[in-house]
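Trainee: Handing you a structure now.
Protein chains: 2
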Amino acid sequence: MSDEAGAALTRDGTFSRRTEVVIREMILDGTIPPGERLNEVALASALGISRGPLREAIQRLAGEGLLTVISHRGAFVRTFEAREIDELYDMRCAYEMYAARLICQRADDDQLGELQSFVTETGLAMDDSNGRYPPDRDFHRRLLALAGNATLERAALDAQAQISLARSMSAKAPTRAKAALGEHEAIVAALRSRDAETAVRLVQEHLEHARRGALAALGFTDDPRKGNETP
Amino acid sequence: MSDEAGAALTRDGTFSRRTEVVIREMILDGTIPPGERLNEVALASALGISRGPLREAIQRLAGEGLLTVISHRGAFVRTFEAREIDELYDMRCAYEMYAARLICQRADDDQLGELQSFVTETGLAMDDSNGRYPPDRDFHRRLLALAGNATLERAALDAQAQISLARSMSAKAPTRAKAALGEHEAIVAALRSRDAETAVRLVQEHLEHARRGALAALGFTDDPRKGNETP
DNA sequence: CCGGTTAGAACTGTTGACAGTTGACAGCGG
DNA sequence: CCGCTGTCAACTGTCAACAGTTCTAACCGG
Chain A
0 MSDEAGAALT RDGTFSRRTE VVIREMILDG TIPPGERLNE VALASALGIS RGPLREAIQR
60 LAGEGLLTVI SHRGAFVRTF EAREIDELYD MRCAYEMYAA RLICQRADDD QLGELQSFVT
120 ETGLAMDDSN GRYPPDRDFH RRLLALAGNA TLERAALDAQ AQISLARSMS AKAPTRAKAA
180 LGEHEAIVAA LRSRDAETAV RLVQEHLEHA RRGALAALGF TDDPRKGNET P
Chain B
0 MSDEAGAALT RDGTFSRRTE VVIREMILDG TIPPGERLNE VALASALGIS RGPLREAIQR
60 LAGEGLLTVI SHRGAFVRTF EAREIDELYD MRCAYEMYAA RLICQRADDD QLGELQSFVT
120 ETGLAMDDSN GRYPPDRDFH RRLLALAGNA TLERAALDAQ AQISLARSMS AKAPTRAKAA
180 LGEHEAIVAA LRSRDAETAV RLVQEHLEHA RRGALAALGF TDDPRKGNET P
């Protein structure tokens, strides 16, 4: 039983880096749910390594905002308060609004055409599977890629991952599908006409809707800017 | 000689965290210049600890963008290409432009009054010391603090630190002092009149000037968006 | 029955040693 | 003189064990 999960890290590279990838996936998959502690000896032996490389991976994942490390108590899959989720949506706004500006300046028409195609295709697919809209995440990923700034892209994807983790604290399905799709189309239209100010405004509004949806789905009913909830 | 630098970490907390703070300061102080490798055994013994906690600190600092870790070759104080510096200024733009929006919505008049006071005071101090304008960094720090978003603030300060490290690769003094001061005043004026769009535009222009100044001071003469330089 | 106390178990923080890789340099062949 | 190769030292990656802290729960007094 010592290589049950260990089989996942039989590739090349250092144990530490492979472990980082494996644990990140376990967190985002929900294999290790938010709030759960990572038992170092148990996890290390499950992965077939020792605690040294495991701890280094933990440090990196903590820096990414996926783990919370408390001295002498361990590493926990991160949980989020309403305030923190709100702040993460601010981050996404900052990133993607600026990305929209960059795209209007830099992206060529072909790239924007591909983005357009992606949106229309996912729209058609959505009509089939009726309801669910998982491609939302992909749309934002593609959007960020078009900005041509790798640093910005990585930071934004990190924020996206944290929000994804936060949403996994609730099982509620949001299904803002149809509305989101329409907003995506509007954003692409603004980008293609190189109307930066409109694109920025539309991105902001879109993420504002997503923010409200996420906070509602997580049971954070009201303004997270002052009080905490769930009494 | 085993506790020369070790005296710096005689406080409480874990070795790993204290080491992280010490090394961060050594990097930003210029004690360890960009490009230099951190010899683990030498640094550990200089700090009076073993390699384990040191390596954990290194992982965190790498996540902050202050170190570059290469497998089997070591951890190096990060160096920056023109492209990366350009991307970091994009990050600052994204952060501070959005911060300006938040401030217009959230900050109260007292806070903005204090920011105004800070700018006028530093302006007077600058007339004395004639030329240098170190409070630029502090202005941006205060600005970010007023946005009321701790996550955004930390991310922006990280980007600021990376830019500071990048600038330490060159000894050239920029001294955009007078112009920067004027731009700060204009930004504060826009914030106080709650004119978000103007504030955002002024922040962008201010950082665009800073970007050009930084790239020029580092000898990156032209557009970093395509070619690399220093042949 | 309940709160506080106190051993003991479990776990994290740290260490020193071992193993595998990288980089440098001397020696050799051309 | 130059390039290649093989050896060796230095260093990073990893491990297993020790030390100190936190959590658990049994125990005791009220």
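Residue numbers (numbering that gives the first Met the number 0), protein chains in the order written: chain A, 0 to 230; chain B, 0 to 230. Yeah, the Cβ is synthetic: ideal placement off N, Cα and C, and Gly gets one too.
Determine the burial state of R210 of chain A: buried for a count of at least 16 other Cβ atoms within 10 Å of its Cβ, exposed for fewer.
Mentor: Position 211 of the first sequence, counting from 1, holds the residue named residue 210 of chain A. Buried: at least 16 other Cβ atoms inside 10 Å.
Trainee: Measure the alpha-carbon distance for L66 of chain B versus F219 of chain A and round it to whole angstroms.
Mentor: Counted from its first residue, the second sequence places residue 66 of chain B at position 67. Counted from its first residue, the first sequence places residue 219 of chain A at position 220. Approximately 38 Å between the Cα atoms of the pair.
Trainee: Would you call the segment 84 to 104 of chain B and the segment 67 to 74 of chain B in contact, with 3 or more CB pairs under 8 Å?
Mentor: No, they do not touch.
Trainee: So which residues on chain A does T67 of chain B lean against when the C-beta distance must stay under 9 Å?
Mentor: As a position in the second sequence, residue 67 of chain B is number 68, starting the count at 1. Simply none; closest approach about 13 Å.
Trainee: Closest Cβ-Cβ distance between E120 of chain B and chain A: below 8 Å?
Mentor: To locate residue 120 of chain B, count along the second sequence from 1; it is residue 121. Closer than 8 Å: no.
Trainee: Measuring alpha carbon to alpha carbon, tell me which of A:A45, A:P33, A:A179, A:L201 ends up nearest A160 of chain A.
Mentor: If you number the first sequence from 1, residue 160 of chain A lands on position 161. The shortest C-alpha separation from A160 of chain A is found at A:P33.
Trainee: Between A56 of chain B and the rest of its own chain, which residues show a CB-CB distance below 8 Å, the 5 nearest in sequence each way excluded?
Mentor: Locating residue 56 of chain B in the second sequence gives position 57, where the first residue counts as 1. S15, R16, T18, E19, I22.
Trainee: Flag T150 of chain B as yes if its beta-carbon sits less than 8 Å from any beta-carbon of chain A, otherwise no.
Mentor: Taking the second sequence and counting its residues from 1, the one referred to as residue 150 of chain B is at position 151. So, interface residue.
Trainee: Alpha carbon to alpha carbon, what distance is there between C103 of chain B and L217 of chain B?
Mentor: The residue labelled residue 217 of chain B in the question sits at position 218 within the second sequence. The residue labelled residue 103 of chain B in the question sits at position 104 within the second sequence. L217 of chain B and C103 of chain B: Cα-Cα distance of roughly 34 Å.
Trainee: Interface residues of chain B around T18 of chain A at Cβ under 8 Å?
Mentor: Your numbering for residue 18 of chain A matches position 19 in the first sequence. Result: empty, since nearest Cβ-Cβ is about 12 Å, beyond 8 Å.
Trainee: Please confirm whether L143 of chain A and D89 of chain B have their CB atoms less than 8 Å apart.
Mentor: Here residue 143 of chain A refers to the residue found at position 144 when the first sequence is read from its first residue. Here residue 89 of chain B refers to the residue found at position 90 when the second sequence is read from its first residue. No, they are not a contact pair.
Trainee: Using a Cβ-Cβ cut-off of 8 Å (strictly less than) and excluding sequence neighbours within five positions of Q203 of chain A, which residues of its own chain qualify?
Mentor: The residue labelled residue 203 of chain A in the question sits at position 204 within the first sequence. Closer than 8 Å at Cβ, skipping near neighbours: C92, M96.
Trainee: Could you give the DSSP three-state label for G181 of chain A: helix, strand or coil?
Mentor: Taking the first sequence and counting its residues from 1, the one referred to as residue 181 of chain A is at position 182. In this structure, G181 of chain A counts as helix in the three-state DSSP scheme.
Trainee: Once you ignore the five residues that flank G112 of chain B on each side, which residues in its own chain have a CB closer than 7 Å to its CB?
Mentor: Counted from its first residue, the second sequence places residue 112 of chain B at position 113. Closer than 7 Å at the Cβ level, and outside the excluded window around G112 of chain B, lies no residue.
Trainee: Whole angstroms are fine: how far does the CA of F117 of chain B sit from the CA of L27 of chain A?
Mentor: Residue 27 of chain A sits at position 28 when you count from the first residue of the first sequence. Residue 117 of chain B sits at position 118 when you count from the first residue of the second sequence. Roughly 44 Å separates the two Cα atoms.
Trainee: Taking Cβ to Cβ, would you say R50 of chain B is nearer than 8 Å to A61 of chain B?
Mentor: Mapped onto the second sequence, residue 50 of chain B falls at position 51. Mapped onto the second sequence, residue 61 of chain B falls at position 62. No, Cβ-Cβ distance for R50 of chain B and A61 of chain B is not below 8 Å.
Trainee: Taking only the alpha-carbon atoms, compute the straight-line gap between K171 of chain B and A81 of chain B and give it to the nearest angstrom.
Mentor: Locating residue 171 of chain B in the second sequence gives position 172, where the first residue counts as 1. Locating residue 81 of chain B in the second sequence gives position 82, where the first residue counts as 1. Those two C-alpha atoms are separated by around 16 Å.
Trainee: I'd like to know if M25 of chain B contacts chain A, where contact means its C-beta is closer than 8 Å to some C-beta of that chain.
Mentor: For this step, residue 25 of chain B is matched to residue 26 along the second sequence. No, M25 of chain B does not count as interfacial toward chain A.
Trainee: For A154 of chain A, return the contacting residues in chain B, with the cut-off set at a CB-CB distance below 8 Å.
Mentor: Numbered from its first residue, the first sequence carries residue 154 of chain A at position 155. Result: M90, A154.
Trainee: Whose C-alpha, out of A:A45, A:G47, A:E63, is nearest the C-alpha of A154 of chain A?
Mentor: Your numbering for residue 154 of chain A matches position 155 in the first sequence. That would be A:E63, whose Cα lies nearest to the Cα of A154 of chain A.
Trainee: Determine which residues share a DSSP beta bridge with R211 of chain B and list them.
Mentor: Residue 211 of chain B sits at position 212 when you count from the first residue of the second sequence. Its beta-bridge partners do not exist; DSSP assigns none.
Trainee: Give me whichever residues DSSP pairs with V68 of chain A in a beta bridge.
Mentor: Taking the first sequence and counting its residues from 1, the one referred to as residue 68 of chain A is at position 69. A:A74, per the DSSP bridge assignment.
Trainee: Output, in sequence order along the chain, the residues in the segment 23 to 51 of chain A whose CB is closer than 9 Å to any CB in chain B.
Mentor: So the close ones are G51.
Trainee: By how many angstroms is the C-alpha of A179 of chain A removed from the C-alpha of R166 of chain A?
Mentor: Locating residue 166 of chain A in the first sequence gives position 167, where the first residue counts as 1. Locating residue 179 of chain A in the first sequence gives position 180, where the first residue counts as 1. So the alpha carbons of these two residues sit roughly 17 Å apart.
Trainee: So that I know if they touch, is there some Cβ in chain B lying closer than 8 Å to that of Q58 of chain A?
Mentor: For the purposes of this step, residue 58 of chain A is taken as residue 59 along the first sequence, with counting starting at 1. For Q58 of chain A, the answer is yes, since a Cβ of chain B falls inside 8 Å of its Cβ.
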